[in-house]
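Have a look at the structure below, then the notes.
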Amino acid sequence: MKSYQTFIFDSYAFDRENAEITLRYTLDNKVEFVEKLTLPRRGIHVRHLPHGLLDRALFALHLIGGMSYYKTCCPKEIIIHSGTLTEAQAQFWNEVYENGLGEFFYQNNIDFRNSIHFPVSAKEPQTELSFTQHNDRVLVPIGGGKDSMVTIELLRRSGFHCTMFRMGPNPLIKELAEQTTLPLLSIERTLSSALFTLNADGALNGHIPITAYLSFLAIVTALLYESRTVVMSNERSANVGSLLFHGKEINHQWSKSLAFERLFQEYLRTFITPDIQYFSLLRPWSELRITHAFSHFPQYFDCTTSCNTNWKITKPLTLSTDRVERGKPATNLWCCSCAKCAFTFALYAAFLPKEKILHIFKKNFFEEQTLLPTYMALLGIEGVKPFECVGTPEETKTAFLLIRERGEFNDTPVMQLFFERELPHITNTAHYVRDALDPTVDHAIPPTFATVLSESPS
Numbered sequence: 000m001k002s003y004q005t006f007i008f009d010s011y012a013f014d015r016e017n018a019e020i021t022l023r024y025t026l027d028n029k030v031e032f033v034e035k036l037t038l039p040r041r042g043i044h045v046r047h048l049p050h051g052l053l054d055r056a057l058f059a060l061h062l063i064g065g066m067s068y069y070k071t072c073c074p075k076e077i078i079i080h081s082g083t084l085t086e087a088q089a090q091f092w093n094e095v096y097e098n099g100l101g102e103f104f105y106q107n108n109i110d111f112r113n114s115i116h117f118p119v120s121a122k123e124p125q126t127e128l129s130f131t132q133h134n135d136r137v138l139v140p141i142g143g144g145k146d147s148m149v150t151i152e153l154l155r156r157s158g159f160h161c162t163m164f165r166m167g168p169n170p171l172i173k174e175l176a177e178q179t180t181l182p183l184l185s186i187e188r189t190l191s192s193a194l195f196t197l198n199a200d201g202a203l204n205g206h207i208p209i210t211a212y213l214s215f216l217a218i219v220t221a222l223l224y225e226s227r228t229v230v231m232s233n234e235r236s237a238n239v240g241s242l243l244f245h246g247k248e249i250n251h252q253w254s255k256s257l258a259f260e261r262l263f264q265e266y267l268r269t270f271i272t273p274d275i276q277y278f279s280l281l282r283p284w285s286e287l288r289i290t291h292a293f294s295h296f297p298q299y300f301d302c303t304t305s306c307n308t309n310w311k312i313t314k315p316l317t318l319s320t321d322r323v324e325r326g327k328p329a330t331n332l333w334c335c336s337c338a339k340c341a342f343t344f345a346l347y348a349a350f351l352p353k354e355k356i357l358h359i360f361k362k363n364f365f366e367e368q369t370l371l372p373t374y375m376a377l378l379g380i381e382g383v384k385p386f387e388c389v390g391t392p393e394e395t396k397t398a399f400l401l402i403r404e405r406g407e408f409n410d411t412p413v414m415q416l417f418f419e420r421e422l423p424h425i426t427n428t429a430h431y432v433r434d435a436l437d438p439t440v441d442h443a444i445p446p447t448f449a450t451v452l453s454e455s456p457s
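In numbering that gives the first Met the number 0, the protein residues as written are 0 to 457.
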């Protein structure tokens with residue numbers, strides 16, 4: 000593929016009449032990328048916002064959105080036509096691009112050190128733009144999985160008024176929204192067709208930190224639809240990466256981590272507005288603890304999925320006769336082969352009866368010989384932590400300890416693997432269980448939401 004020397008953040012625009020955001024980028028002013036976001040027309044309010052505030056949020060969205068196109072060839076020079084950055088802002092974006100693209104750099108064997116330089120073009124910091132929202136609406140991004148449903152139910156039990164937010168139309172999300180009976184804002188993102196053309200010609204490709212993009216889009220959405228708070232559903236397990244590469248920890252979930260959350264909060268306060276809160280409610284909990292809470296919400300068992308196959312932009316959803324017969328959207332919920340499916344199966348098996356597990360997943364993953372290498376990686380026996388949104392090896396081991404206590408899967412190949420290769424090395428099972436299920440105090444939850452987790456079912 001042809002190489003390019005500059006990546007240019009050209010312009011962004013918001014068309015209020017058509018409820019559409021346009022983001023434009025170029026490579027050397029020769030290859031143009033045009034990305035569009037289509038918003039719900041009803042409910043948009045901009046008159047109450049201070050002049051320039053929406054532009055600040057859109058500018059940040061423009062910068063994070065460029066990552067999908069920058070990575071096609073990682074040009075040496077970055078040029079920004081759509082705004083200016085102070086030194087502190089440029090440092091933030093250097094860090095977000097370097098850490099957020101860590102897995103991409105590793106998979107493509109790219110030495111990223113000292114290669115990303117956002118230009119500093121503003122000497123004076125921006126003045127603070129404060130405003131008052133006369134409502135207590137909470138915007139909750141949802142991805143179709145168990146975590147956001149736990150967040151929704153905990154907030155609802157504590158009396159908060161929630162609006163769900165989703166990027167991209169999807170029948171699974173529609174089904175979830177109907178189950179919650181809460182309002183849903185669905186924003187459709189259309190990536191530039193030029194991206195797929197370049198990829199077909201051999202451009203670099205790989206993972207981007209989609210949660211970072213969603214976070215900035217959530218701030219734009221909160222401003223337009225009058226929400227004062229954005230509540231994420233990222234757990235403490237997201238803080239842990241998989242390996243070191245050129246001295247940097249490579250974390251598939253970096254933009255879900257507490258490190259990113261705190262960086263984002265500071266950027267939001269300083270360079271957009273201090274009057275919108277952003278935090279993850281589930282940060283003190285492990286994935287295992289979240290699953291324990293989720294096990295008390297059976298209304299979502301048949302309409303949530305943690306399998307990312309359902310969200311891949313290049314893979315259409317596949318038909319499922321079973322869901323059609325039950326009046327559900329015609330989609331499979333689980334690919335039954337990825338690390339995320341395997342990990343989630345183990346989490347569910349720690350708390351739910353075998354009959355219910357097999358109803359949800361349609362097969363017994365612990366009987367699948369092909370998944371033994373995946374479970375060895377998840378348990379930390381061989382390989383590295385998979386590049387998926389999965390928990391730590393310690394968390395997986397704890398799930399297996401709880402499954403052993405239930406006894407329903409003990410004769411399967413996967414459990415036998417655990418008994419032979421891992422269990423002999425665990426000397427204090429009570430310690431493992433306590434560490435995995437007890438909350439931590441390392442989080443960024445504001446005081447007004449501090450008691451929400453106490454509403455969790457025991």
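Glycine included, every Cβ here is placed at the ideal spot set by N, Cα and C.
- Message: Rounded to the nearest angstrom, what separates Arg288 and Asp437 at their Cα positions?
- Response: As a first step, residue 288 must be located in the sequence shown, where it is residue number 289. As a first step, residue 437 must be located in the sequence shown, where it is residue number 438. Those two C-alpha atoms are separated by around 8 Å.
- Task: With Tyr431 as the anchor, note down where its alpha helix (DSSP H) starts and where it stops.
- Result: Along the sequence shown, one-based indexing puts residue 431 at 432. Start and end: 428 to 436.
- Alpha carbon of Gly65 to alpha carbon of Phe8, nearest angstrom: Start at 1 with the first residue of the sequence shown, and residue 65 comes out as number 66. Start at 1 with the first residue of the sequence shown, and residue 8 comes out as number 9. Linking Gly65 to Phe8 through their CA atoms gives a straight-line distance of about 7 Å.
- 8 Å contact criterion, which His339 and Ser305 should meet: CB distance rounded: As a working mapping, residue 339 is identified with position 340 in the sequence shown. As a working mapping, residue 305 is identified with position 306 in the sequence shown. Residue 339 is actually Lys in this sequence, not His. The beta carbons of Lys339 and Ser305 sit about 5 Å from each other, so the pair counts as a contact at 8 Å.
- Message: Can you tell me where the beta strand (DSSP E) holding Ile249 begins and where it ends?
- Response: Start at 1 with the first residue of the sequence shown, and residue 249 comes out as number 250. DSSP places Ile249 in the uninterrupted beta strand (DSSP E) bounded by 247 to 249.
- Message: Let me check understanding here. Comparing Cα to Cα, which of Lys255, Ser2, Leu138 lies closest to Glu225?
- Response: On the sequence shown, position 226 is the one that residue 225 refers to. Put simply, of Lys255, Ser2, Leu138 the residue whose alpha carbon is nearest the alpha carbon of Glu225 is Leu138.
- With burial defined as no fewer than 16 other Cβ atoms inside 10 Å of the residue's Cβ, what is the status of Leu281: buried or exposed? Taking the sequence shown and counting its residues from 1, one reaches residue 281 at position 282. Buried, by the Cβ-count rule.
- In whole angstroms, what is the alpha-carbon distance linking Leu257 and Glu31? In the sequence shown, the residue the question calls residue 257 occupies position 258. In the sequence shown, the residue the question calls residue 31 occupies position 32. If you take the alpha carbons of Leu257 and Glu31, they lie about 35 Å apart.
- Task: Name the residue from Pro446, Phe344, Ser453 whose alpha carbon lies nearest to the alpha carbon of Thr228.
- Result: In the sequence shown, the residue the question calls residue 228 occupies position 229. Of the listed residues, the one whose Cα sits closest to Thr228 is Pro446.
- Task: Taking the CB atoms as reference points, tell me whether Leu346 and Ala398 lie closer together than 9 Å.
- Result: To locate residue 346, count along the sequence shown from 1; it is residue 347. To locate residue 398, count along the sequence shown from 1; it is residue 399. In this structure, Ala398 lies closer than 9 Å to Leu346 by Cβ.
- Below 8 Å, can you find three or more Cβ-Cβ pairs linking the stretch 0 to 19 to the stretch 77 to 89? Pairwise C-beta distances place the stretch 0 to 19 in contact with the stretch 77 to 89, as three or more of them are shorter than 8 Å.
- Task: Would you mind working out which of Phe364, Arg235, Ala292 sits nearest Thr391, comparing C-alpha positions?
- Result: On the sequence shown, residue 391 is found 392 positions in, with the first residue counted as 1. Checked all of Phe364, Arg235, Ala292; the closest Cα to Thr391 is Arg235.
- Task: Give me the Cα-Cα distance between Gln178 and Gln298, rounded to the nearest whole angstrom.
- Result: Numbered from 1 along the sequence shown, position 179 holds the residue referred to as residue 178. Numbered from 1 along the sequence shown, position 299 holds the residue referred to as residue 298. Answer to the nearest angstrom: the Cα atoms are 7 Å apart.
- Item | Minimum length 3: unbroken beta strand (DSSP E) runs contained in the stretch 8 to 74 | Runs found: 19 to 26, 30 to 37.
- Rounded separation between Pro372 and Pro352 - CA only: Counted from its first residue, the sequence shown places residue 372 at position 373. Counted from its first residue, the sequence shown places residue 352 at position 353. Rounded to the nearest angstrom, the gap between the Cα atoms of Pro372 and Pro352 is 25 Å.
- Item | Thr189 burial status per 10 Å Cβ neighbour count (16 or more: buried) | On the sequence shown, position 190 is the one that residue 189 refers to. By the 10 Å Cβ count, Thr189 comes out exposed.
- Query: Buried or exposed: where does Asp410 fall if 16 or more other Cβ atoms within 10 Å of its Cβ makes it buried?
  - Reply: The residue labelled residue 410 in the question sits at position 411 within the sequence shown. Flag for Asp410 reads exposed.
- Message: Tell me whether Ser241, by its Cβ, gets closer than 8 Å to a heavy atom of the ligand NAP.
- Response: No copy of the ligand NAP occurs in the structure displayed, which carries no ligand at all.
- Message: Quick check on Leu281: does DSSP put it in helix, strand or coil?
- Response: Position 282 of the sequence shown, counted from the start, is the residue given in the question as residue 281. Here Leu281 sits in coil by DSSP.
- Message: Rounding to the nearest angstrom, what Cα-Cα distance links Ile218 and Ala349 in this structure?
- Response: Translated into positions along the sequence shown, residue 218 becomes position 219. Translated into positions along the sequence shown, residue 349 becomes position 350. A straight line joining the alpha-carbon of Ile218 with that of Ala349 spans about 36 Å.
- Between which two residues does the alpha helix (DSSP H) carrying Met414 extend? Here residue 414 corresponds to residue number 415 of the sequence shown, with the count starting at 1. Where Met414 is concerned, the enclosing alpha helix (DSSP H) stretches over 412 to 420.
- Query: First and last residue of the beta strand (DSSP E) that includes Ser185?
  - Reply: Translated into positions along the sequence shown, residue 185 becomes position 186. DSSP places Ser185 inside the beta strand (DSSP E), whose first and last residues are 183 to 189.
- Is there contact here, the stretch 20 to 31 with the stretch 90 to 106, by at least three beta-carbon pairs under 8 Å? Fewer than three pairs of CB atoms, one per stretch, sit closer than 8 Å, so the stretch 20 to 31 makes no contact with the stretch 90 to 106.
- Message: Going by C-alpha to C-alpha distance, which of Val413, Thr369, Asn363, Phe104 sits closest to Leu378?
- Response: Residue mapping note: residue 378 aligns to position 379 of the sequence shown, counting from 1. Cα-wise, what sits closest to Leu378 is Val413.
- Query: Where Leu401 and Glu394 are concerned, what is the direct C-alpha to C-alpha distance, given to the nearest angstrom?
  - Reply: Mapped onto the sequence shown, residue 401 falls at position 402. Mapped onto the sequence shown, residue 394 falls at position 395. Taking the CA atoms as reference points, Leu401 sits about 11 Å from Glu394.
- Task: Starting from Cys340, trace the alpha helix (DSSP H) both ways and give me its first and last residue.
- Result: Sequence index remark: in the sequence shown, residue 340 carries index 341 (1-based). Where Cys340 is concerned, the enclosing alpha helix (DSSP H) starts and stops at 338 to 348.
- Query: Does the beta carbon of Ile359 sit closer than 9 Å to a beta carbon anywhere in chain C?
  - Reply: The chain inventory of the structure shown lacks chain C, comprising one protein chain alone.
- DSSP beta-bridge partners of Ile78: To locate residue 78, count along the sequence shown from 1; it is residue 79. Answer is Ile7, bridged to Ile78.
- Which of helix, strand or coil does DSSP assign to Phe300? What you label residue 300 is simply residue 301 of the sequence shown in a count that begins at 1. Here Phe300 sits in coil by DSSP.
- Query: Which residues bound the beta strand (DSSP E) around Phe164?
  - Reply: Along the sequence shown, read from residue 1 onward, the residue named residue 164 stands at position 165. That run of the beta strand (DSSP E) goes 160 to 166.
- Once you ignore the five residues that flank Trp333 on each side, which residues in its own chain have a CB closer than 7 Å to its CB? Within the sequence shown, numbered from 1, the residue matching residue 333 stands at position 334. Answer for Trp333: Thr304, Cys306, Cys340, Phe360, listed in chain order.
- Let me know if Asn108 comes out buried or exposed under the rule of 16 or more other beta-carbons within 10 Å of its beta-carbon. Taking the first residue of the sequence shown as position 1, residue 108 is located at position 109. Exposed is the call here.
- Would His251 pass as a contact of Glu16 if the rule is Cβ separation under 9 Å? For the purposes of this step, residue 251 is taken as residue 252 along the sequence shown, with counting starting at 1. For the purposes of this step, residue 16 is taken as residue 17 along the sequence shown, with counting starting at 1. Their beta carbons are not under 9 Å apart, which means His251 does not touch Glu16 by this criterion.
- Query: Quick one: Cα of Gly201 to Cα of Lys70, how far?
  - Reply: Here residue 201 is taken as the residue at index 202 of the sequence shown, counted from 1. Here residue 70 is taken as the residue at index 71 of the sequence shown, counted from 1. Separation of Gly201 and Lys70 (C-alpha to C-alpha, rounded to the nearest whole angstrom) is 12 Å.
- Message: If contacts are defined as beta-carbon pairs under 8 Å, then His44 and Leu171 qualify, I think. What distance do you get, rounded to the angstrom?
- Response: By one-based count along the sequence shown, residue 44 stands at place 45. By one-based count along the sequence shown, residue 171 stands at place 172. About 29 Å; that fails the 8 Å criterion.
- Item | Whole-angstrom distance between Ile141 and Met166, CA atom to CA atom | Indexing the sequence shown from 1 puts residue 166 at position 167. Indexing the sequence shown from 1 puts residue 141 at position 142. Taking the straight line from one Cα to the other gives about 9 Å.
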